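Read left to right, the sequence shown gives residues 1 to 450 (this note's numbering).
Idealized CB from N, CA, C, for every residue including glycine.
Predicted, not measured: the structure shown is a model, and the values here were computed from it.
So the structure is just underneath, and the comments pick up after that.
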Amino acid sequence: MVEAADMVKDKPLSNIALGEDEYWAYGGSFGDQPNNGYTCINGLFRADRVPNPHFYQVARTYQNIEFTLVGNNKIKLRNKHFFTSLDEFDYSYEWMEGGVIINKGKASLADDILTIETTVAERKELILTIYAHIKQEQPWAEKGFVVAWEQFVVSPGEKNTLSTDAGKPSISLTGNEIRIEAAGSDYVFDAKTGALISWKSNGKEILSGALEPYFWKPANVNQLQNNYNNRLGAWRDAAKQRILKEYRTYQDEGIQSIEFKYDLPVGALYILTYSIDGTGRLKINAHYSPYKTDIPLMPKFGFRAQLSPSYDTFAWYGRGPHENYPDRKSGYMIGRYKLPIDSIMVDYAKPQDNANRCDVRSLSITGKDIPLIKIQGIDLFNFRAWTYLEEDLEKADYPFQLPDRDYINLNIDSEIHGVGGNDGWGARTMDQYTVDGNKERSFEFIIEAI
Numbered sequence: 001m002v003e004a005a006d007m008v009k010d011k012p013l014s015n016i017a018l019g020e021d022e023y024w025a026y027g028g029s030f031g032d033q034p035n036n037g038y039t040c041i042n043g044l045f046r047a048d049r050v051p052n053p054h055f056y057q058v059a060r061t062y063q064n065i066e067f068t069l070v071g072n073n074k075i076k077l078r079n080k081h082f083f084t085s086l087d088e089f090d091y092s093y094e095w096m097e098g099g100v101i102i103n104k105g106k107a108s109l110a111d112d113i114l115t116i117e118t119t120v121a122e123r124k125e126l127i128l129t130i131y132a133h134i135k136q137e138q139p140w141a142e143k144g145f146v147v148a149w150e151q152f153v154v155s156p157g158e159k160n161t162l163s164t165d166a167g168k169p170s171i172s173l174t175g176n177e178i179r180i181e182a183a184g185s186d187y188v189f190d191a192k193t194g195a196l197i198s199w200k201s202n203g204k205e206i207l208s209g210a211l212e213p214y215f216w217k218p219a220n221v222n223q224l225q226n227n228y229n230n231r232l233g234a235w236r237d238a239a240k241q242r243i244l245k246e247y248r249t250y251q252d253e254g255i256q257s258i259e260f261k262y263d264l265p266v267g268a269l270y271i272l273t274y275s276i277d278g279t280g281r282l283k284i285n286a287h288y289s290p291y292k293t294d295i296p297l298m299p300k301f302g303f304r305a306q307l308s309p310s311y312d313t314f315a316w317y318g319r320g321p322h323e324n325y326p327d328r329k330s331g332y333m334i335g336r337y338k339l340p341i342d343s344i345m346v347d348y349a350k351p352q353d354n355a356n357r358c359d360v361r362s363l364s365i366t367g368k369d370i371p372l373i374k375i376q377g378i379d380l381f382n383f384r385a386w387t388y389l390e391e392d393l394e395k396a397d398y399p400f401q402l403p404d405r406d407y408i409n410l411n412i413d414s415e416i417h418g419v420g421g422n423d424g425w426g427a428r429t430m431d432q433y434t435v436d437g438n439k440e441r442s443f444e445f446i447i448e449a450i
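Below, the structure written as structure tokens:
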């Protein structure tokens with residue numbers, strides 16, 4: 001066990017990193033009463049001086065230069081410094097097409113206006129990133145250090161769609177299983193629940209557990225202090241308790257579809273539609289329509305699946321590389337990132353919800369001797385991935401108590417409840433960063449194995 005207070009200024013990092021049999025302690029770990037719990041170890045930096053994910057949001061929020069795009073090649077600056085001129089910084093830009101840098105250079109400053117070279121993207125999303133760098137080395141940073149930045153989505157990319165001219169999938173019904181096959185992809189759905197219970201690519205199984213609707217998100221420490229589990233508790237088992245009303249299969253323009261209709265116990269109609277094209281790509285569409293008016297806030301709107309434990313690496317086009325949430329995402333650049341599962345998860349000293357990435361356009365998951373999974377959003381989505389379950393997070397007081405399950409627990413969501421924490425003693429997440437259970441909503445994405 002290592003005390004948080006054991007971090008001193010002149011102690012080298014190598015001496016304060018945790019050993020295999022150590023963990024960071026906090027209030028109550030020593031049987032001390034009264035105590036202040038986790039609040040002694042929830043700052044911007046961990047006790048070993050590694051930045052917590054929220055550090056990057058604070059740095060972004062505190063930046064003292066604002067950027068506004070005012071033309072194809074003009075950016076207006078607003079200086080929020082009291083005693084520092086904009087001339088004391090260098091400026092640069094990058095153009096990204098589909099997440100790949102295609103052009104970059106230095107920007108010239110005149111009368112608070114930056115001028116850059118323009119570029120054009122024909123079909124892919126085009127994003128402009130502007131940076132402000134310090135011109136001279138400072139005691140706290142090297143020359144060229146970025147002190148402010150901004151991104152602008154200049155033009156959207158084309159939306160992902162299924163193919164209507166790649167042949168027709170085959171469909172069969174055996175007992176309670178509906179099987180659809182196309183181009184080496186084999187999908188099996190449970191006719192009683194509508195869950196995707198098997199997904200094979202060229203004979204190799206991808207799933208260790210069903211892909212199906214899921215609405216629960218474990219609380220973080222902020223939310224534990226504002227009765228989150230009780231306020232949103234109706235959603236914990238809402239997916240498990242869904243009641244199938246009917247299902248139907250149909251084919252249109254070479255695309256085979258299955259539509260399931262459910263009643264959710266919270267008081268809503270839920271329609272889940274799977275559509276497979278001749279290339280083996282599967283589009284999943286979830287539509288939620290409440291028929292009550294007093295439904296609690298929804299923790300998240302999306303799906304959960306257990307993947308084969310052979311999957312270990314995540315590559316995505318979205319915000320990153322660090323964990324981010326709807327109310328804490330402007331500090332994380334849109335780009336292409338790649339991390340192992342251990343770096344996707346965040347080992348907070350007190351286990352809690354973690355690992356989300358926002359505004360994801362596409363996600364690829366790879367492993368050894370197993371097909372690559374590709375998930376493409378019709379619109380932006382979120383993902384989280386762990387080697388444990390939600391229930392494991394809720395039971396653990398320390399990271400070493402989290403088990404390594406024999407699968408990867410993956411959540412894919414269109415919307416998710418924000419982290420909150422406007423104060424440290426119970427303030428709820430701001431309304432605009434919650435998911436209203438009384439509003440109609442839809443979520444659509446495409447999966448494929450390569």
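query                                                                                                                        : result
8 Å contact criterion, which ASN382 and ASP413 should meet: CB distance rounded                                              : 5 Å
Pairwise C-alpha distance: ASN52 and ARG60                                                                                   : 14 Å
CB of ARG361 within 8 Å of CB of LEU380, strictly                                                                            : yes
Reference PRO174, options ALA183, LYS192, GLU158, closest by Cα                                                              : At residue 174 the sequence reads Thr, which differs from the Pro that was named. If we check each option's Cα against that of THR174, LYS192 comes out closest.
Inter-stretch contact (C-beta, 8 Å, three-pair minimum) for the region 331 to 341 and the region 302 to 314                  : yes
Beta-carbon spacing of LEU282, ILE206 below 8 Å                                                                              : no
Three-state class that DSSP yields for ASN79 in the structure shown                                                          : strand
Unbroken stretches of the beta strand (DSSP E), 3 residues or longer, contained in the region 155 to 197                     : 170 to 174, 177 to 182, 185 to 190
ALA81 burial status per 10 Å Cβ neighbour count (16 or more: buried)                                                         : Here the sequence assigns His to residue 81, which means Ala is not the residue at that position. Classification of HIS81: exposed, given that the 10 Å Cβ count is below 16.
HIS54, enclosing beta strand (DSSP E) - first and last residue                                                               : Not the beta strand (DSSP E): HIS54 falls in the alpha helix (DSSP H), residues 53 to 61.
6 Å Cβ shell around VAL266 - same chain, five flanking residues per side excluded                                            : ALA234, ALA238, ILE295
CA-to-CA distance, LYS159 to ASN73, given in whole angstroms                                                                 : 26 Å
Residues near ARG231 in its chain [Cβ-Cβ closer than 8 Å; skip 5 each side]                                                  : PRO296, LEU297
Buried/exposed call for SER201, threshold 16 Cβ in 10 Å                                                                      : buried
Those residues which DSSP pairs with MET333 across a bridge                                                                  : Answer is none; MET333 lacks a bridge partner.
Nearest-angstrom Cα separation, counted from ARG179 out to SER198                                                            : 9 Å
From GLU390, SER155, ILE271, residue whose alpha carbon lies closest to that of ALA219                                       : GLU390
Alpha helix (DSSP H) segment containing ASP342, residue limits                                                               : 341 to 344
Chain-order list of residues whose beta-carbon lies under 7 Å from that of TRP425 (same chain, five-residue window excluded) : GLN225
Sufficient close CB pairs (3 or more, under 8 Å) joining the region 395 to 409 to the region 432 to 447                      : no
Backbone secondary structure at MET1 - three-state DSSP                                                                      : Unreliable positioning characterises MET1 in this predicted model, as indicated by a pLDDT of 39, which lies under 50. The coordinate reading is nonetheless provided below. Three-state DSSP puts MET1 in coil, outside helix and strand.
For ALA234, the three-state DSSP class (helix, strand or coil)                                                               : helix
Status (buried if at least 16 other CB within 10 Å, exposed otherwise) for VAL70                                             : exposed
Whole-angstrom distance between GLU440 and ALA355, CA atom to CA atom                                                        : 27 Å
ARG319 versus ARG357 - alpha carbon distance                                                                                 : 6 Å
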